[in-house]
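A.B. asks: Residue numbers (my numbering): 133 to 256.
For each residue, glycine too, the CB sits at the ideal point set by N, CA and C.
Note that this is a predicted model, so its numbers are computed, not measured.
#1: Give a yes or no on contact between the segment 196-207 and the segment 158-168, applying the rule of three or more CB pairs nearer than 8 Å.
#2: For the segment 218-227 and the segment 145-152, state whether three or more C-beta atom pairs, one from each stretch, are separated by less than 8 Å.
#3: Let me make sure I understand the geometry here. Which of 185, 191 and 239 has the alpha-carbon closest to that of residue 250?
#4: Going by DSSP, which residues form a beta bridge with residue 247?
#5: Pull up the distance between the alpha-carbon of residue 199 and that of residue 212, whole angstroms please.
#6: When you compare the CB positions of residue 137 and residue 235, do they come within less than 8 Å of one another, or not?
#7: Kindly give me the distance between the Cβ atoms of residue 189 and residue 216, rounded to whole angstroms, as I take these residues to be in contact under 8 Å.
#8: What residues match up with residue 142 in a beta bridge as DSSP calls it?
#9: Taking the alpha carbon of residue 176 as the reference point, which residue from 243, 202, 210 and 201 has its own alpha carbon closest?
#10: Return the bridge partner residues of residue 168 from the DSSP annotation.
#11: Do the CB positions of residue 233 and residue 214 come within less than 8 Å of each other?
#12: Short of 7 Å in beta carbon distance, which residues of its chain neighbour residue 271, apart from the five on each side in sequence? Order them along the chain.
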């Protein structure tokens with residue numbers, strides 16, 4: 133792993149995008165991590181795995197077009213748009229997102245995900 137906050141976030145994104153490595157996203161997170169998404173919250177050593185399980189039926193695939201990065205100390209913010217295929221097989225694109233990461237001691241300790249998927253009718 134890396135001590136550079138943005139590099140760690142980019143490693144997380146790379147693992148999420150790779151079917152072979154997605155199972156290892158939890159290695160990027162601290163044991164006491166907190167992950168929040170619209171409508172859900174995960175905490176503890178299994179937070180990343182629980183998030184993946186929760187997301188699985190919602191999307192056949194989803195990816196990000198990265199727009200802007202903001203870094204301030206141990207906080208990294210990524211904002212851009214989402215695209216992919218939802219759980220019903222419908223394509224979506226140009227859905228806004230903002231992810232806010234807190235990095236401590238080379239691990240993600242908090243991830244807050246904001247997006248317009250519900251506002252766009254892609255998920256409930």
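C.D. replies: The short version:
#1: no
#2: no
#3: Stepping through the chain shown from its first residue, residue 250 is reached at position 118. Closest option to residue 250, Cα to Cα, is 191.
#4: On the chain shown, residue 247 is found 115 positions in, with the first residue counted as 1. Looking at the DSSP assignment, residue 247 forms a beta bridge with 229.
#5: Locating residue 199 in the chain shown gives position 67, where the first residue counts as 1. Locating residue 212 in the chain shown gives position 80, where the first residue counts as 1. Whole-angstrom Cα-Cα distance: 4 Å.
#6: Taking the chain shown and counting its residues from 1, one reaches residue 137 at position 5. Taking the chain shown and counting its residues from 1, one reaches residue 235 at position 103. Contact flag set, yes.
#7: Here residue 189 is taken as the residue at index 57 of the chain shown, counted from 1. Here residue 216 is taken as the residue at index 84 of the chain shown, counted from 1. The Cβ separation is near 14 Å, so there is no contact.
#8: For the purposes of this step, residue 142 is taken as the residue at position 10 of the chain shown. In DSSP, residue 142 forms no bridge with anything.
#9: Here residue 176 corresponds to residue number 44 of the chain shown, with the count starting at 1. Selected option, being the one with the closest Cα: 243.
#10: As a first step, residue 168 is located in the chain shown; it is residue number 36 there, counting from the start. Answer is 173 and 244.
#11: Within the chain shown, numbered from 1, the residue matching residue 233 stands at position 101. Within the chain shown, numbered from 1, the residue matching residue 214 stands at position 82. Going by C-beta atoms, residue 233 is not nearer than 8 Å to residue 214.
#12: A query on residue 271 cannot be resolved here, the shown segment of the chain reaching from 133 to 256 and no further.
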